[in-house]
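Q: The structure is given below, and queries will be raised subsequently.
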Amino acid sequence: MGKVHGSLARAGKVKGQTPKVEAQEKKKQPRGRAKKRMQYNRRYVNVVTGMGGKKVGPNSNADKMK
Numbered sequence: 001m002g003k004v005h006g007s008l009a010r011a012g013k014v015k016g017q018t019p020k021v022e023a024q025e026k027k028k029q030p031r032g033r034a035k036k037r038m039q040y041n042r043r044y045v046n047v048v049t050g051m052g053g054k055k056v057g058p059n060s061n062a063d064k065m066k
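Sequential numbering of the sequence shown, starting at 1, is according to UniProt numbering.
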C-alpha cells in the first residue's frame with residue numbers, strides 16, 4: 001500500500017494562492033411565482049435551437065456564437 005493523497009502539509013495550497021476577489025453587487029433574483037414565470041419563459045417560450053434543430057442546454061455558448 002502506497003501513499004494515496006499526499007501529506008496534509010499541502011492541504012489548501014491552491015486556495016491560499018488564489019487572489020481574493022470581492023463579491024460583486026448583483027440584481028436580486030425574482031422569487032415565488034415570478035421565478036417560475038421566468039423559468040417557464042426561458043425553457044419553453046424562447047427556445048434556442050442549435051445545430052440539427054436540437055435544444056441548446058442552459059450553459060451552452062452556442063447561442064452566443066451566432
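Where is the CB? At the ideal position from N, CA and C, for every residue including glycine.
Can you list, in chain order, the residues of its chain whose CB lies under 7 Å from that of P30, leaving out five sequence neighbours each side?
A: Within the sequence shown, the letter at position 30 stands for residue 30. These residues qualify, in order along the chain: M38.
Q: Locate the alpha helix (DSSP H) running through R10, then write down its first and last residues.
A: Position 10 of the sequence shown, counted from the start, is the residue given in the question as residue 10. Element bounds for R10: n/a, residue is neither H nor E.
Q: Is it the case that the Cβ atoms of V45 and V56 are separated by a distance below 8 Å?
A: Position 45 of the sequence shown, counted from the start, is the residue given in the question as residue 45. Position 56 of the sequence shown, counted from the start, is the residue given in the question as residue 56. Cβ distance not < 8 Å, so V45 and V56 don't count as in contact.
Q: How far does the alpha helix (DSSP H) with R37 in it extend, from its first residue to its last?
A: Numbered from 1 along the sequence shown, position 37 holds the residue referred to as residue 37. Element bounds for R37: R33 to Y40.
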